[in-house]
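Asks: For any residue, its number in my numbering is found by taking its place in the sequence shown, counting from 1, and adding 962.
Once you've had a glance at the structure underneath, I'll fire off some questions.
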Amino acid sequence: MTGRTAQRPPDAPPARRRAARWWPPGLHWPSVRGRALADAGPLLLAAAVVVVVTLLAGAVPPLLRATADAAVRDAVGRDADDDLVVRARWEDDGGPNGGRVRLPRLAEDVGDFRDRAAAALAPRLRAALRPPLATVTSTPLKITDGSVLRTFQLAYLAAGDGEDGGPRVTWIAGRPPEPSTPWGDFTEVGYDAPPWPVQVGLSEADAAALKARPGTRIPLADENGRVKDVRVSGVFRPADAADPAWARFPWLLRPVAGADGIGTTRLAGLLSPTSLPDARLALDQDQLQRAVRFAPDARKFSWDSTEPIAASVVALKAASGSSGARDVSLKWETRLDAVLRKVQTQVNAAFAQASVLLTGVVAAAVLVLLLAADLLARRRAPALAAARRRGAALPVLCAELLLESAVVALAAAAAGLALAHAIAQDASWGWAVPVVLAAAAAGPAFGTLAAARATRDRRVPANRAARLWVRRTGLLRRATFEAAVVTAAAAAFVALYQRGIVPAGDTAGDAAGAGSASDGGLALPASAPALGIIAVTLLLLRLLPAGTRLALNRALRSRRPLAVFGAARAAAASARLLPLLVLVTSTALASFALILEATASQSLTDGAWRTVGADARLDVSSSAAASTPALVRRVAAAQGVRQAVAGRVDDTARVSADSEIVLPRLVVVDASAFQRLLAATPLRDDAPRLSPLTAPGHAGVPALVRSGDGGLRPGMRLDLLRDAAPAVRLTAVGTAPPAGDADDVVIVDAGALAAAGMPSVPNTIWVNGPGAARAVATGAVAAKPVVRAEVERARRAAPLTSGLLWSAWASAATLLALGLLALALGAAASAPDRWQTLTRLRTLGLRPRDARWVAAGELLPPVVVAAVTGPLLGLLVARLAAGPLALRLVTGQATDPAPAPPWWRLGLLALALTAAVTAVVPIESALRRRRRLGEVLRAGEG
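Okay, structure coming up:
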């Protein structure tokens, strides 16, 4: 060739460049594909672990959020007393001549009052409430016909969606109530004038009970005996009896027994906008009250809305006028904020408890993935060493292994998240990150380390001191790692005891963080059980080699060769720490989940007993409290009732303790009778506590006290404050048993309190016996029956408790599966060495059956250690974390429950591990039997 460059013809087309393909530099793709195909089984096993754990970790947070929404709606819909009610006094209707003036546009004033109340609500709060219902009601009037004890109430309802502002009705007789004077007449009436006539409408049922028809005058008188002139204008039928406007006033549609005491029946008459001014004039100023009720719409509540709605309600109550003020300011009252705060605390606790369980599952999954990566590295060690000897650099090998594991991990994680999204309609990836990282990084790390160890040129020192230094360096590294884990576990438990797992402040944002992995403040306390189990397991692993060596020494002195061979193999296998660590940790975490589920289940039963106090309870309304003695006699005589004890439960009592005012729950009972009642229930341990109430020799009235913040303590002198009467001196003589969900409790004997000048009127009846539920469900008095079995059933079906029990069961099942998988992986990792030794022993006369016994002897020690120490570790951690886990917030108890280990379930767990060994050994024996003895002896491996 010459030195000239060839010239292209000027008309020649431009040269087409070859498309450059990008490949990562240095990667040997045939090796990547070959290794993946050769080891497809372990890779698919790791992928299956990632899919299952990612599915669980991705589905739990969305399901928790859905459960929180359901819990909020359930709490709002279940509490019938959480209406937002605003009241205001009437403007003065005094006239210029010293009388009272009839105000013909009073209905419009009520409408304006309703609009003014609605305008005071925040937009977020207003959107969560049903349309307002303005009401004007009278105090109950007595029906003076002398037949039976009946009362009558005048009521005006203005929901804003009817032809007259109230719920729609159809008049089947007569006509709607009309004014007693011409419309627009501002008549002034003196205070000593005859009764002013009022027209009302009656429902069909009320008219039949009164035997009234249009034009009939109802004989009525107020509490002072002054006669009222109330006439029937017509009889109506509701267009929709299920209209919420009727729900708070059922006596408008039918007679209601017991509304004003035992033996009484309340009826009511419906006022119209035109007859409302007559009702105002016919009754005294304080005998007719106006109010606006906003009923919460449970469907419009969600977990995210609880905090702003509760804050709006608190702001309304803070700006409310004083109840004793005689002005026309708005006075707000509701329990909605308390209901929302309570459910917030419960949801936060449930989120935190679920995060503890999920942390354990993720920790066990990471350990199993490490064990799978170790198995994969052992299988690939010869191929990786050969590639290294052919010149492959460690970074290139690491990159090839990382590419392979990353593809497997990411594909498995995507599949798991897709399944989670299909199940929960959403997916959270935060909890899946540690599992994906472990699956992607463990294989390359173990493989690269195996290749480096197989080809390193570091020689074993000939100097004894140098070998000792190398050995001590390895021991020091292990001790440093163990110390780091123990330190982390100790720090986690310190944080758990100091801060707990329930977020401080109980806000929606905190709770959301508790359900995700992004909240670093709660990650450390939530990981305390898992870290504690791992730390204790690492310390126990130091004892296993000593135990196996001791067993080997004893076997060497025996004449049983199988025992010697099995003990020798077990002693050799005890040096591998990772399989036993994974097995014990998974078993302990599964035991912890089972104990948590059993404790929560038992706590629901105990909490129902604590809430009710007996098989059933009857809470008598204040208006019917005077009839409680007669009612308790009737209940005690009912069939199937063994005991019935009456007492008074007062949540408005005020007690002075060390110059501070405490608002406890005051329980006034006959101490002896209540003690006998408790002795016949699972609360029998509380019965002896009541004995000091009847012991003589106390300066004041003996009292048992309980306080959530220590404000009430035994030995204190207390003053039970009364209005317009001297305080009653109490002497705290002991600790009171829990009374429902109250934090502060004071229990006194009814006789001692009456002797001190403060007799009490019972308003609660506790009933024991198989017929207790039927006895309290008679409905003959204005009382609320509470049945223990129904309370427990409702709590088990509640979203939070059912979600917690489901989470515990799912975690236990997943952890058991991971433990069995760890057993299989550990057996597979040590199988080549084990069966190589056993095959060589066969040349010395060892029978196949004896070889299986030797293999079982090698595998059984770690399984027995896991079966024994796993449940014990789970119980230990459950006892340590019982208080901070705050199960009482979900189960409805006053105190944190003690762990209730389900021993038979823990026994089945240990039995499952032992049974797995009996399945692994025959499978291994069948697989290894296909190898010829000559191949093993020539190759030197099995």
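Glycine included, each C-beta is placed from N, C-alpha and C at the ideal position.
These numbers come from a predicted model, not from an experiment.
If we require 4 or more residues per run, which alpha helix (DSSP H) segments fall completely within the region 1652-1724?
Replies: 1712-1717
Asks: Indicate whether the contact test is met: 3 or more Cβ pairs, each with one atom in the region 1295-1304 and one in the region 1043-1058, closer than 8 Å.
Replies: yes
Asks: Leaving aside the five residues before and after residue 1615 along the sequence, list all residues of the same chain whose C-beta is less than 6 Å from its C-beta, in chain order.
Replies: Walking along the sequence shown from the start, residue 1615 turns up at place 653. Excluding sequence neighbours, residue 1615 sits near 1628.
Asks: Going along the chain, which residues of its own chain have a beta-carbon closer than 7 Å to the beta-carbon of residue 1413, five neighbours each way excluded?
Replies: The sequence position of residue 1413 within the sequence shown is 451, counting from 1. Answer for residue 1413: 1346, 1347, 1350, 1356, 1359, listed in chain order.
Asks: Among all the DSSP beta bridges, which residues are the ones paired with residue 1105?
Replies: As a first step, residue 1105 is located in the sequence shown; it is residue number 143 there, counting from the start. Bridge partners of residue 1105: 1182.
Asks: Can you tell me whether DSSP reads residue 1479 as helix, strand or coil?
Replies: For the purposes of this step, residue 1479 is taken as the residue at position 517 of the sequence shown. Only weak support is given to the placement of residue 1479: the predicted model assigns it a pLDDT of 37, under 50, and the value that follows is read from those uncertain coordinates. It is coil, neither helix nor strand.
Asks: In the DSSP assignment, find the unbroken alpha helix (DSSP H) run with residue 1455 in it and report its ends.
Replies: If you number the sequence shown from 1, residue 1455 lands on position 493. First-last of the alpha helix (DSSP H) with residue 1455: 1426-1461.
Asks: Once DSSP output is grouped into helix, strand and coil, what is the label at residue 1512?
Replies: As a working mapping, residue 1512 is identified with position 550 in the sequence shown. Looking at residue 1512 - three-state DSSP - the assignment turns out to be helix.
Asks: Looking at the secondary structure, which residues open and close the beta strand (DSSP E) in which residue 1227 lies?
Replies: As a working mapping, residue 1227 is identified with position 265 in the sequence shown. Looking at the DSSP string, the run of the beta strand (DSSP E) that includes residue 1227 is 1227-1232.
Asks: Restricting to Cα atoms, I'd like to know which of 1379, 1305, 1558 is closest to residue 1022.
Replies: As a working note, residue 1022 is residue 60 in the sequence shown. Closest by alpha carbon: 1379.
Asks: Roughly how many angstroms separate the alpha carbons of residue 1191 and residue 1241, rounded to a whole number?
Replies: In the sequence shown, counting from the first residue as 1, residue 1191 sits at position 229. In the sequence shown, counting from the first residue as 1, residue 1241 sits at position 279. Taking the straight line joining both Cα atoms gives about 10 Å.
Asks: Is it the case that the Cβ atoms of residue 1735 and residue 1555 are separated by a distance below 7 Å?
Replies: What you label residue 1735 is simply residue 773 of the sequence shown in a count that begins at 1. What you label residue 1555 is simply residue 593 of the sequence shown in a count that begins at 1. No, they are not a contact pair.
Asks: Note down the Cα distance separating residue 1344 from residue 1823, rounded to an integer number of angstroms.
Replies: Within the sequence shown, the letter at position 382 stands for residue 1344. Within the sequence shown, the letter at position 861 stands for residue 1823. Cα-Cα distance, rounded: 30 Å.
Asks: Could you tell me the alpha carbon to alpha carbon distance between residue 1237 and residue 1229, rounded to whole angstroms?
Replies: For the purposes of this step, residue 1237 is identified with residue 275 of the sequence shown, where counting begins at 1. For the purposes of this step, residue 1229 is identified with residue 267 of the sequence shown, where counting begins at 1. Residue 1237 and residue 1229 have their alpha carbons spaced roughly 18 Å apart.
Asks: Under DSSP, the alpha helix (DSSP H) around residue 1574 begins and ends at which residues?
Replies: Taking the first residue of the sequence shown as position 1, residue 1574 is located at position 612. Element bounds for residue 1574: 1539-1574.
Asks: Do the region 1667-1683 and the region 1589-1605 touch if we need at least three Cβ pairs shorter than 8 Å?
Replies: Look at the beta carbons and you see the region 1667-1683 not touching the region 1589-1605: under three pairs across the two are nearer than 8 Å.
Asks: CA-CA distance, residue 1180 and residue 1193?
Replies: Looking up residue 1180 in the sequence shown gives position 218. Looking up residue 1193 in the sequence shown gives position 231. Roughly 6 Å between the two C-alpha positions.
Asks: Taking buried to mean at least 16 other C-beta atoms within 10 Å of its own C-beta, is residue 1155 buried or exposed?
Replies: Locating residue 1155 in the sequence shown gives position 193, where the first residue counts as 1. Within a 10 Å sphere around the beta-carbon of residue 1155 sit fewer than 16 other beta-carbons, which makes this residue exposed.
Asks: Going by alpha carbons, who is nearest to residue 1595 out of 1842, 1845, 1724?
Replies: Position 633 of the sequence shown, counting from 1, holds the residue named residue 1595. Among 1842, 1845, 1724, the Cα nearest to that of residue 1595 is on 1724.
Asks: Do residue 1197 and residue 1169 have their beta-carbon atoms positioned less than 7 Å apart in this structure?
Replies: Here residue 1169 is taken as the residue at index 207 of the sequence shown, counted from 1. Here residue 1197 is taken as the residue at index 235 of the sequence shown, counted from 1. Yes, Cβ-Cβ distance for residue 1169 and residue 1197 is below 7 Å.
Asks: Going by DSSP, what residues sit across from residue 1315 in a beta bridge?
Replies: As a working note, residue 1315 is residue 353 in the sequence shown. Partner(s): none; residue 1315 has no beta bridge.
Asks: Is there contact between the region 1360-1369 and the region 1394-1408, where contact requires at least three CB pairs shorter than 8 Å?
Replies: Flag = yes, the region 1360-1369 and the region 1394-1408 touch.
Asks: Hey, out of 1366, 1012, 1281, 1834, whose CA is closest to residue 1381's CA?
Replies: Counting from one through the sequence shown, the residue named residue 1381 turns up at place 419. Nearest C-alpha to residue 1381: 1012.
Asks: If we ignore side chains and look at the alpha-carbon of each, how far apart do residue 1246 and residue 1235 end up?
Replies: Residue numbering aside, residue 1246 sits at position 284 when the sequence shown is read from its first letter. Residue numbering aside, residue 1235 sits at position 273 when the sequence shown is read from its first letter. So the alpha carbons of these two residues sit roughly 19 Å apart.
Asks: Measure the alpha-carbon distance for residue 1475 versus residue 1207 and round it to whole angstroms.
Replies: Indexing the sequence shown from 1 puts residue 1475 at position 513. Indexing the sequence shown from 1 puts residue 1207 at position 245. With a pLDDT of 41 at residue 1475, under the threshold of 50, the modelled position of that residue is not reliable, and no figure is offered here.
Asks: Here's the rule: buried if 16 or more other CB atoms are within 10 angstroms of the residue's CB, otherwise exposed. What is residue 1308?
Replies: One-based indexing of the sequence shown puts residue 1308 at position 346. So residue 1308 ends up on the buried side.
Asks: Note down the Cα distance separating residue 1539 from residue 1500, rounded to an integer number of angstroms.
Replies: Within the sequence shown, numbered from 1, the residue matching residue 1539 stands at position 577. Within the sequence shown, numbered from 1, the residue matching residue 1500 stands at position 538. Those two C-alpha atoms are separated by around 8 Å.
Asks: What did DSSP end up calling residue 1124 once you bin it into helix, strand or coil?
Replies: The sequence position of residue 1124 within the sequence shown is 162, counting from 1. Confidence at residue 1124 is low in this model, with a pLDDT of 43, below 50, so its placement is unreliable and the value that follows should be read with caution. Note: residue 1124 maps to coil in three-state DSSP.
Asks: Report yes if the CB atom of residue 1567 is closer than 7 Å to the CB atom of residue 1754, and no otherwise.
Replies: The sequence position of residue 1567 within the sequence shown is 605, counting from 1. The sequence position of residue 1754 within the sequence shown is 792, counting from 1. Yes, these two residues count as a Cβ contact at 7 Å.
Asks: Nearest CA to the CA of residue 1713: which residue from 1645, 1633, 1695?
Replies: For this step, residue 1713 is matched to residue 751 along the sequence shown. Comparing Cα positions, the closest option is 1633.
Asks: If distances are taken between C-alpha atoms only, which option among 1239, 1226, 1280, 1306 comes closest to residue 1263?
Replies: Against the sequence shown, residue 1263 aligns to sequence position 301. Of 1239, 1226, 1280, 1306, the residue nearest in Cα terms is 1306.
Asks: Let me know if residue 1611 comes out buried or exposed under the rule of 16 or more other beta-carbons within 10 Å of its beta-carbon.
Replies: Mapped onto the sequence shown, residue 1611 falls at position 649. Counting Cβ neighbours within 10 Å, residue 1611 comes out buried, since at least 16 surround it.
Asks: Work out the CA separation of residue 1839 and residue 1457 for me, nearest whole Å.
Replies: Numbered from 1 along the sequence shown, position 495 holds the residue referred to as residue 1457. Numbered from 1 along the sequence shown, position 877 holds the residue referred to as residue 1839. Spanning the two alpha carbons is a distance of roughly 15 Å.
Asks: Residue 1366 by DSSP, collapsed to three states: which one?
Replies: Counting from 1 along the sequence shown, the entry for residue 1366 is found at position 404. Residue 1366: helix per DSSP, three-state reduction.
Asks: Tell me whether residue 1239 is buried or exposed, calling it buried when 16 or more other Cβ atoms sit within 10 Å of its Cβ.
Replies: Your numbering for residue 1239 matches position 277 in the sequence shown. Buried is the call here.
Asks: Residues in the same chain with beta-carbon distance under 7 Å from residue 1854, minus the five sequence neighbours each way, listed in chain order, please.
Replies: For this step, residue 1854 is matched to residue 892 along the sequence shown. The beta carbon of residue 1854 sits closer than 7 Å to the beta carbons of 1569, 1573, 1703, 1757 from its chain, once the five residues preceding and following it are set aside; these are given in chain order.
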